[in-house]
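Working notes for the structure below.
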Amino acid sequence: MKKQHGTGIEETIISRALQIGVAISSTLIIIGLGIFLSQLKTTSNTSNQTYLHYVSTSFNFPHSIPAIVSAISGRSGLGLIVLGCLLMILTPALRVATTIFLFAGKHDKPMIKVTITVLCILIGSFVVGVLVS
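Going by this note's numbering, the letters in the sequence shown line up with residues 1 to 133, in that order.
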């Protein structure tokens with residue numbers, strides 16, 4: 001008899017993990033965009049919150065975890081937007097991690113090995129992307 005993967009409750013759990021990841025990241029992006037746009041000033045060239053400030057070459061975009069945390073603690077909407085995008089990118093990895101636990105619950109060792117390999121490839125690509133940039 002053939003084993004069936006992803007039936008019923010498993011599909012619901014994976015789907016819910018994706019929905020939660022997308023909902024949280026979308027909420028962060030929308031809130032961050034609201035804060036960003038509310039702080040944006042178009043008339044004062046002396047403010048750090050002008051459009052020209054964000055498109056200048058001297059602008060320091062938050063591209064690392066410490067920079068994102070610093071931007072969020074400085075009440076920058078841009079920090080929330082970047083955090084939301086980061087969580088959106090990590091959502092598929094959450095799906096793969098969830099699948100590992102589901103296969104472990106079924107004691108399906110070959111699928112656990114395959115899924116762990118996929119997760120390692122995902123994590124490796126994230127690490128390489130961070131190191132290269």
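Glycine included, each C-beta is placed from N, C-alpha and C at the ideal position.
Query raised in the report: In angstroms, rounded to a whole number, what distance separates the CA positions of L33 and G79?
Result: For the purposes of this step, residue 33 is taken as the residue at position 33 of the sequence shown. For the purposes of this step, residue 79 is taken as the residue at position 79 of the sequence shown. In a straight line, the C-alpha of L33 is about 10 Å away from that of G79.
Report task. May I ask you to check if the CB of A17 is nearer than 7 Å to at least one heavy atom of the ligand NAD? Result -> This structure simply doesn't include the ligand NAD, nor any ligand for that matter.
Report task. For A23, count neighbouring C-beta atoms within 10 Å of its own C-beta (all shown protein chains included) and say buried if the count is 16 or more, exposed if not. Result -> Locating residue 23 in the sequence shown gives position 23, where the first residue counts as 1. Exposed is the call here.
Query raised in the report: Going by C-alpha distance, which of I65, F103, L131 is nearest L87?
Result: For this step, residue 87 is matched to residue 87 along the sequence shown. With distances taken between Cα atoms, L87 lies closest to I65.
Query raised in the report: To the nearest angstrom, how far is it from the Cα of I100 to the Cα of Q39?
Result: Position 100 of the sequence shown, counted from the first residue, corresponds to residue 100. Position 39 of the sequence shown, counted from the first residue, corresponds to residue 39. Roughly 43 Å separates the two Cα atoms.
Query - 7 Å Cβ shell around F126 - same chain, five flanking residues per side excluded - result: Sequence index remark: in the sequence shown, residue 126 carries index 126 (1-based). Excluding residues within five positions, none has a Cβ falling inside 7 Å.
Query raised in the report: Do you know offhand how far I20's Cα is from T12's?
Result: To locate residue 20, count along the sequence shown from 1; it is residue 20. To locate residue 12, count along the sequence shown from 1; it is residue 12. If you take the alpha carbons of I20 and T12, they lie about 12 Å apart.
**Report entry** Candidates A97, D108, N60, L94: closest to V82 by CA position
**Finding:** Here residue 82 refers to the residue found at position 82 of the sequence shown. The option with the nearest alpha carbon to V82 is N60.
Report task. Return the CA-CA distance between V69 and H107, expressed in angstroms with no decimal places. Result -> Sequence index remark: in the sequence shown, residue 69 carries index 69 (1-based). Sequence index remark: in the sequence shown, residue 107 carries index 107 (1-based). Rounded to the nearest angstrom, the two C-alpha atoms are 39 Å apart.
Query raised in the report: Using the beta-carbon count (16 or more within 10 Å), is L102 buried or exposed?
Result: In the sequence shown, the residue the question calls residue 102 occupies position 102. Per the 10 Å Cβ criterion, buried.
Report task. Below 8 Å on the Cβ atoms is my guess for A93 versus L131; work out the distance and round it to an integer in Å. Result -> For the purposes of this step, residue 93 is taken as residue 93 along the sequence shown, with counting starting at 1. For the purposes of this step, residue 131 is taken as residue 131 along the sequence shown, with counting starting at 1. So it is not a contact: roughly 17 Å between Cβ atoms.
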